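Here the structure comes first, spelled out in C-alpha cells, and everything after it is commentary.
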Ligand SMILES: Cc1cc2nc3c(=O)[nH]c(=O)nc-3n(C[C@H](O)[C@H](O)[C@H](O)COP(=O)(O)O)c2cc1C
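Rendered as C-alpha cells:
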C-alpha cells in the first residue's frame, strides 16, 4: 500500500483528491451517497457575505469534451453556511475548504473573518477568478495588484491557510502565482474556468442566458497542465491543480507537472462515485511504478528538463 | 426531504422497444433502484461511454418491472428522441450496459385525504404516471388520466392504464382520437362537473406551457396541481446548481431552487411561472 497522503501547507490531506468548488454543492448533498471523510478535502460552493440568486437558466451547455457554465454564484451566504451546513460537514468528518467570494476587497476580508471564527474550516480558497459575475472576483484575479491586495488583506484577519484560486484568463499565469506568494498565500489553486461562448445557430442566440460562461472538463486539461507546470517553476508554495481531471492517470499527470493536490469538478457530475475508483487506480499506479509515497511524484517532470523555459513559447 | 439512498448501477439493457420513429421504451436491469424508487422519481443515465455526451441525462422512471415473485428487477424509461442523449437512448441495443444513477428527486406526494385523482399528461410527460397509478390503485382510489397528443398515433400505453381501471380521457389536436383539441378542453369539461369540496388531487406532467395552462385552470377552480418539471440538469445530485426553477417568495420576489433535489415535483402555486416559461423561450 503506497502512502497517498498529500501535504498541503499546514495540512496533511488523506489523499490528494478534493471536490472542486461549485461542483459538489456544500458537500452535504453527497453525504448520504459518499463517505465525505474519504476525500482529501471538500471545497464548497463559493460564498459571499449574503445570499445570492445567480443567473437565470439555462446555466449550462455541453460543448465538445466539456461544458460551459454561468451559474452566477448562487449561494446561501457565509452566515447561513456556518450555521446550517458546516456542522454536518464536521459531523461527517469532511476536511472543509471554503471558496470565498467578494464584490469588494472588504467582502473577501469579512467573509474570511466569519469563517475564521468557526471550528471546522480547514482552509480558505479565495475565488478571485469566477468569470461569471460582473463585479469583483475575476477583476481582482486579472490584476497583479488586485491579486496581491486581496491576499494581503485576508492574510491580516486569518491564520487559516489561504489559497487564492487563479484564473487562466490571463497571458502569464505564473506572474499571478508570484503575486499571490509575495502577498502571503499558503498555496495556490488553478485553474478556474476559461471564459467561453456557445451560440445556437437555429435561433441565432447565445445558448446561455448570461451570454458568456466558463469552460471546464477534459477539453481544458492540457492547458491546465501547462499552467500548473509554469506556476511550479515560479513559486515554492504548494499548488492545487485542476481542469478536466477524470481519472487516476490525469491526477498523476497534474502531480508530475507540479500539483501537490488536485480538484475534480465536472467529472463528478458524470460520475459521483469516481473518488474510490480513482484512489484504487492511484494505488495500482504506485504499485506498478514502485512508488511508495505518491507525494514523491510532485513536480517530477521538471527534473527531466534542463531549462525552466518551455522549448517554444508562443508570443 | 427524504434520506437519499443513491446508487449507481451498471444496468444491462434488457429490451429496447420502439413505439414509433420518435418514442421508445428501454428496460434496464437496475434492481436496487427499482426496489427503492418511489413514484415520480428519476434516474441519471449515461447514454454513451466516452465524452459525447459528457453529462448524464435525467429520465423519469416509467415502469417498475417485477419478477414472478413480485420483487423489483428492472426499471423502464419512456424516451422521446430529441437531442444527442435521447437519440443515443433511442438506438441502444439489448445487452449494452448503461450507468444508471438513482433513485433521485422528490416523489409525487400522496395525500391521505384524496378519494379521486386526476392525472394530466402530455407527450413524454406520461412517464411519471405509471408508477403513480400503481401506488394509487393499491390505495383503491378512483383514477382519471387526461392524456393529450397531437395525433392519435402519438398516444402510447393507453391500454396499460385502462387495464388498471384508470378512466382514460384522450385528446388529440387533429381530432383523430378522443376529444378534439388540447388536453385543457377535456379538463374544462370535467371541471364543470366537479365541486370545490370534492376530495381530489391533481398531478400533471408535460410541456411547460401545457402544465402552466392546466395549473391555471385548476387554480381558478380553487385547486393546486402537483407538476413534474423537466429542467436541463448537470448532475442530479444538487452539486451544480444548473437545474434551478424560480419559486415565489413571501416578499413578492422569486428564489431559485434546485429542481433535482427540491423537485422535480412542485406545487404549481409555489412556482413563478413567468420565470419558468422564460427559461424555455
Ligand atoms: C457548474 C460549475 C460551477 C462552478 N462554481 C465555482 C465556484 O463557485 N467557485 C469556484 O472557484 N469555481 C467554480 N467552478 C470552477 C471549478 O471549481 C473548476 O475550477 C473548473 O470547473 C475546472 O475543473 P473541472 O474541469 O474538473 O471542472 C465551477 C465549475 C462548474 C462546472
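Protein chains in written order, with this note's numbering: chain A, 22 to 336; chain B, 2 to 282.
Where a beta carbon is used, it is the ideal one built from N, C-alpha and C, also for glycine.
What you are looking at is a predicted structure, and each value in this text was computed from that prediction instead of being measured.
For a Cβ distance threshold of 8 angstroms, residue set 55, 56 and 235 of chain B lies close to residue 88 of chain A, ordered along the chain.
Bounds of any beta strand (DSSP E) do not take in residue 221 of chain B; it lies within the alpha helix (DSSP H) bounded by 209–221. The nearest non-hydrogen atom of ligand 1 is 7 angstroms or more from the C-beta of residue 201 of chain B. Between residue 124 of chain B and residue 208 of chain B, the beta carbon gap of about 7 angstroms places them in contact (Cβ cut-off 8 angstroms).
At a threshold of 7 angstroms, residue 291 of chain A does not count as near ligand 1, since its beta carbon sits no closer than that to any of the ligand's heavy atoms. Distance from residue 111 of chain B to residue 136 of chain B at the Cβ level is roughly 6 angstroms; contact confirmed, criterion being Cβ atoms closer than 8 angstroms. The stretch 195–212 of chain A makes contact with the stretch 245–263 of chain A, as at least three CB pairs between them are under 8 angstroms. Within the chosen limit of 7 angstroms, ligand 1 reaches the beta carbon of residue 94 of chain A through at least one heavy atom. Contact annotation: in the stretch 207–227 of chain B, no residue has its CB less than 7 angstroms from a CB in chain A. Between ligand 1 and residue 260 of chain A, a heavy atom-to-CB distance of less than 7 angstroms is absent.
Under the 10 Å beta carbon count, residue 160 of chain A is surrounded by fewer than 16 other beta carbons and is classified as exposed. Residue 104 of chain A carries a helical assignment under DSSP once its states are collapsed to helix, strand and coil.
Remark: C-beta atoms of residue 208 of chain A and residue 47 of chain B do not approach each other more closely than 8 angstroms. In this structure, residue 66 of chain A has its CB closer than 7 angstroms to one or more heavy atoms of ligand 1. When A:169, A:104, A:56 and A:25 are compared, the shortest CA-CA separation from residue 126 of chain A is found for A:169.
Here the alpha carbons of residue 59 of chain A and residue 293 of chain A stand approximately 13 angstroms from one another. In the DSSP assignment, residue 77 of chain B forms a beta bridge with B:28.
Counting of Cβ neighbours within 10 angstroms places residue 275 of chain B among the exposed residues, the total staying below 16. With a threshold of 8 angstroms between beta carbons, residue 239 of chain B makes contact with chain A. Taking 8 angstroms as the upper bound on Cβ-Cβ separation, chain B lies near residues 43, 44, 45, 46, 50, 51, 53 and 54 of the stretch 42–54 of chain A. Here residue 133 of chain B is near residue 120 of chain B, since their CB atoms are less than 8 angstroms apart. At least one C-beta of chain A is nearer than 8 angstroms to the C-beta of residue 243 of chain B. Just measuring C-alpha positions, the residue of B:138, B:268 and B:238 sitting nearest residue 262 of chain B is B:238. Listed along the chain, the chain A residues whose CB falls inside 7 angstroms of the CB of residue 257 of chain B are 74, 75 and 95. Taking a Cβ-Cβ cut-off of 8 angstroms, the neighbours of residue 9 of chain B in chain A comprise 292, 293 and 294, given in sequence order. A direct Cα-Cα distance of roughly 10 angstroms separates residue 247 of chain B from residue 74 of chain A.
The beta carbon of residue 246 of chain A sits closer than 7 angstroms to those of 274, 275 and 278, all from its chain and outside the five residues before and after it, given in chain order. If you check the C-beta of residue 44 of chain A against ligand 1, you find a heavy atom less than 7 angstroms away. Against chain A, a Cβ distance below 9 angstroms from residue 47 of chain B picks out 291 and 292. Contact of residue 108 of chain A with chain B is not assigned, every C-beta pair being separated by 8 angstroms or more. At the C-beta level, residue 260 of chain A and residue 280 of chain A come within 8 angstroms of one another.
At least one heavy atom of ligand 1 lies less than 7 angstroms from the C-beta of residue 241 of chain B.
The beta carbon of residue 166 of chain B sits closer than 6 angstroms to no other beta carbon from its chain once the five residues preceding and following it are set aside.
Nearest CB-CB separation between residue 201 of chain B and chain A: not below the 8 angstroms threshold.
Counting only Cβ-Cβ distances below 7 angstroms, residue 238 of chain A has contacts in chain B at 55, in chain order. At a cut-off of 7 angstroms, the beta-carbon of residue 151 of chain A counts as near ligand 1: some heavy atom of the ligand is closer than that.
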